[in-house]
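Peer 1: Mind having a look at this structure? Questions to follow.
2 protein chains.
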Amino acid sequence: MSQSLTKIKKDFTEGLSQISRFWGFPKGMGAIFGVLYLSSTPLSLDEIVEATGLTKGAISTEIRALARMGLVHRSSKLGDRKDYYEAEPDFYAAIRSILKERQNSEFDRAVRSVKDTLEALENNWIENDEWNFVYERVQALQDFFDALDSLTKAVVRLESLGVTNVTKILSILK
Amino acid sequence: MSQSLTKIKKDFTEGLSQISRFWGFPKGMGAIFGVLYLSSTPLSLDEIVEATGLTKGAISTEIRALARMGLVHRSSKLGDRKDYYEAEPDFYAAIRSILKERQNSEFDRAVRSVKDTLEALENNWIENDEWNFVYERVQALQDFFDALDSLTKAVVRLESLGVTNVTKILSILK
DNA sequence: TACTACGTTTAGTAATTACTAAACACACAT
DNA sequence: ATGTGTGTTTAGTAATTACTAAACGTAGTA
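These protein sequence lines map, in sequence, to chains F and D. Mapping of the first sequence onto this note's numbering: position 15 corresponds to residue 15, and the numbering continues sequentially without gaps. Take the position in the second sequence, starting the count at 1, then add 174; the result is the number in this note's numbering.
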């Protein structure tokens, strides 16, 4: 049994849609990225409409999110009003970019609230077992987040997060 | 201005709810964990109802998910029919546990679909530029997933992922 | 100036997900 | 057996999120 390339591509993008959903992104996002990732040339908005079955509007907003994360790049050809989009082929670069994005978003705000809790505890201190317990716990969470934060910052700083570094890390974890 | 401990706890759990949502989990899940995390004694289902404002049903199902991820532990007292729940205080242990959980779920299925694409391409091979291009791209994604997979497997295997290992990793990434 | 070809925004709808309330099942005590 | 106190399941509802269709804005063209 022989499958056409379009069929194979379709299956692939469906898979990416599921992966996208799994990580908490809209499934359309995965589909859009999939289409671009398998295209050897940059695609226009209309071509993506054609390939995914989504509408211009949806693609317009989601592709902007993808661009912000550094997963796709927008370009334009001279003498052509259309924008063209292509996928970032280097996933390690993409990861760094996503982490960078996440740092200045909701997450930071939420993490800050842990810090706030800690301060509230300090400012209203009452010496008893429960306060000690709660303080200790919140402090532990704070430490954990700090470690996570240094880790992501380090990864973001890295120009060369790639297979080599990953294998280095693996050797430590051995 | 002085805040009561209950107020502080409430703010804290709200923060955790947001963090929970950010990572794609129901916000109630974060709230439940937060309440347990700040309690020095294991709590019964009804006590969690009281503290979170959710219903028994919701908590019953979500706490099962939390337990599966290793974020809370269930216990029971002799001569007491109630179950009691407490939070896992070691976040590194929790991470390992979550990763382990994720391995056997949706994600694996999705990742497998990339492998399937690769095989479909090999079985229907036509030598031309586009097939070469597509094959190369899918292969690159596969490699990336493989690296990710080894990484999580390594972390899961580790009994001692903790601050020390994390700082070791940080030193590599320097 | 008006027309055209595009991307964006908006207002509404469909689909999904989180939750509630209440029925249920089970274990234990009487 | 019957009743009582548990956690669980289920069926329905509320809230959220993803998407559509169509109006809009804008830059280039005649």
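In this text, a Cβ means the ideal position worked out from N, Cα and C, and glycines have one as well. It should be emphasised that the depicted structure is a prediction, and the values quoted were computed from it without experimental measurement.
#1: Taking the alpha-carbon positions, what's the Met-175 of chain D to Val-134 of chain F distance?
#2: How long is the line joining the alpha carbons of Leu-118 of chain F and Val-138 of chain F, rounded to whole angstroms?
#3: In the DSSP assignment, the beta strand (DSSP E) including Glu-88 of chain F goes from what residue to what residue?
#4: Helix, strand or coil: which one does DSSP assign to Leu-43 of chain F?
#5: Could you tell me whether the Cβ atoms of Leu-71 of chain F and Glu-47 of chain F are closer together than 9 Å?
#6: Taking a contact to mean a Cβ-Cβ separation below 9 Å, would you say Ala-357 of chain D touches Leu-217 of chain D in this structure?
#7: Would you say the beta carbon of Leu-141 of chain F comes nearer than 8 Å to a heavy atom of the ligand FAD?
#8: Terminal residues of the continuous beta strand (DSSP E) containing Val-248 of chain D?
#9: Taking Cβ positions, are Ala-110 of chain F and Ile-182 of chain D nearer each other than 9 Å?
#10: Between Phe-303 of chain D and chain F, is there a C-beta pair that is closer than 9 Å?
#11: State the DSSP-derived secondary structure class of Lys-183 of chain D, mapped to helix, strand or coil.
#12: Could one say the Cβ of Pro-200 of chain D lies closer than 9 Å to chain F's Cβ atoms, at least one of them?
#13: For Asn-124 of chain F and Leu-212 of chain D, I'd like the C-alpha separation in whole angstroms.
#14: At a Cβ cut of 9 Å, what residues of the region 110-138 of chain F count as close to chain D, listed as they run along the chain?
#15: Going by the CB atoms, is the gap between Glu-188 of chain D and Ser-113 of chain F shorter than 9 Å?
#16: Would you grab the beta carbon distance between Gly-208 of chain D and Phe-186 of chain D for me? Rounded to a whole angstrom, and I think it's under 8 Å.
#17: Do Arg-74 of chain F and Ile-63 of chain F count as a contact pair if the criterion is CB distance below 9 Å?
#18: How about Pro-263 of chain D: is its C-beta nearer than 9 Å to some C-beta of chain F?
#19: Taking 9 Å as the CB-CB limit, is Ala-93 of chain F close to chain D?
#20: State the start and end residues of the unbroken alpha helix (DSSP H) segment that holds Lys-115 of chain F.
#21: Can you pull the chain D residues whose beta carbon is under 7 Å from the beta carbon of Ser-40 of chain F, in chain order?
#22: DSSP on Lys-82 of chain F, reduced to helix/strand/coil?
#23: Any Cβ of chain F within less than 9 Å of the Cβ of Leu-240 of chain D?
#24: Buried or exposed: Ser-194 of chain D, going by 16 or more other Cβ atoms within 10 Å of its Cβ?
#25: Taking Ala-314 of chain D as the reference, give the member of D:Val-330, D:Lys-289, D:Met-243 with the closest Cα.
#26: Tell me the rounded alpha-carbon separation between Leu-45 of chain F and Lys-56 of chain F.
#27: Looking at C-alpha atoms only, which residue of F:Tyr-84, F:Ala-67, F:Leu-78, F:Ala-93 is the closest neighbour of Val-49 of chain F?
#28: Could you pull out every residue in the same chain whose Cβ sits closer than 8 Å to the Cβ of Trp-131 of chain F, ignoring the five residues on either side in sequence?
#29: Could you work out which residue in D:Lys-342, D:Thr-180, D:Phe-196, D:Lys-327 is closest to Ile-269 of chain D when comparing CA atoms only?
#30: Could you give the distance in angstroms between the alpha-carbon of Lys-168 of chain F and the alpha-carbon of Phe-91 of chain F?
#31: Pull up the distance between the alpha-carbon of Leu-99 of chain F and that of Glu-260 of chain D, whole angstroms please.
#32: Cα separation between Ser-271 of chain D and Gln-192 of chain D?
#33: Report the rounded CA-to-CA distance for Val-155 of chain F versus Ala-147 of chain F, giving the unit in angstroms.
#34: Do Phe-145 of chain F and Phe-281 of chain D come within 9 Å of each other at the CB atom, strictly closer than that value?
#35: Residue range of the alpha helix (DSSP H) that Gln-177 of chain D falls in?
Peer 2: Per the coordinate set shown:
#1: Only weak support exists for where Met-175 of chain D lies, its pLDDT of 45 falling under 50; the coordinates are left without a value.
#2: Taking the straight line from one Cα to the other gives about 7 Å.
#3: Boundaries for Glu-88 of chain F: no beta strand (DSSP E) harbours it, and the DSSP string shows neither H nor E there.
#4: Here Leu-43 of chain F carries a strand assignment [DSSP, helix/strand/coil].
#5: Cβ distance not < 9 Å, so Leu-71 of chain F and Glu-47 of chain F don't count as in contact.
#6: Chain D is shown from 175 up to 348; residue 357 of chain D falls before or after that span and cannot be answered.
#7: This structure lacks the ligand FAD; in fact it carries no ligand of any kind.
#8: One point to set straight first is that residue 248 of chain D is Arg, not Val, in the sequence displayed. Counting along the chain, the unbroken beta strand (DSSP E) around Arg-248 of chain D starts and ends at 246-250.
#9: Contact annotation: Ala-110 of chain F and Ile-182 of chain D have beta-carbon atoms that are not nearer than 9 Å.
#10: The sequence shown places Asp at residue 303 of chain D, not Phe. Closer than 9 Å: yes.
#11: It is helical.
#12: Contact of Pro-200 of chain D with chain F is not assigned, every C-beta pair being separated by 9 Å or more.
#13: Here the alpha carbons of Leu-212 of chain D and Asn-124 of chain F stand approximately 17 Å from one another.
#14: From the region 110-138 of chain F, only Ala-110, Val-111, Arg-112, Ser-113, Val-114, Asp-116, Thr-117, Ala-120, Leu-121, Asn-123, Asn-124, Ile-126, Asp-129, Glu-130, Trp-131, Phe-133, Val-134, Arg-137, Val-138 have a Cβ closer than 9 Å to chain D.
#15: Judged by beta-carbon spacing, Glu-188 of chain D lies within the 9 Å limit of Ser-113 of chain F, meaning their Cβ atoms are closer than that value.
#16: Contact between Gly-208 of chain D and Phe-186 of chain D holds, since their C-beta atoms are separated by about 6 Å, short of 8 Å.
#17: At a Cβ-Cβ threshold of 9 Å, Ile-63 of chain F and Arg-74 of chain F count as neighbours.
#18: So, interface residue.
#19: Nearest CB-CB separation between Ala-93 of chain F and chain D: not below the 9 Å threshold.
#20: Start and end: 106-123.
#21: Close to Ser-40 of chain F, with beta-carbon spacing below 7 Å, are these residues of chain D in chain order: Glu-304, Phe-307.
#22: DSSP places Lys-82 of chain F in coil when its eight states are reduced to three.
#23: Chain F places no beta carbon closer than 9 Å to that of Leu-240 of chain D, leaving this residue out of the contacts.
#24: The residue in question, Ser-194 of chain D, is buried, as its Cβ has 16 or more Cβ neighbours within 10 Å.
#25: With respect to the C-alpha of Ala-314 of chain D, the residue from D:Val-330, D:Lys-289, D:Met-243 having the closest C-alpha is D:Lys-289.
#26: Their Cα atoms are separated by approximately 7 Å.
#27: Of the candidates F:Tyr-84, F:Ala-67, F:Leu-78, F:Ala-93, the one whose C-alpha sits nearest the C-alpha of Val-49 of chain F is F:Tyr-84.
#28: Cβ within range, chain order: Leu-121, Trp-125.
#29: Each of D:Lys-342, D:Thr-180, D:Phe-196, D:Lys-327 was checked against the Cα of Ile-269 of chain D, and the nearest Cα belongs to D:Lys-327.
#30: In a straight line, the C-alpha of Lys-168 of chain F is about 18 Å away from that of Phe-91 of chain F.
#31: Using only the alpha carbons, I get a separation of about 31 Å.
#32: Ser-271 of chain D and Gln-192 of chain D have their C-alpha atoms roughly 21 Å apart.
#33: About 12 Å.
#34: No, the pair does not count as a contact, with Cβ atoms beyond the cut-off.
#35: First-last for Gln-177 of chain D: undefined, no H or E at that position.
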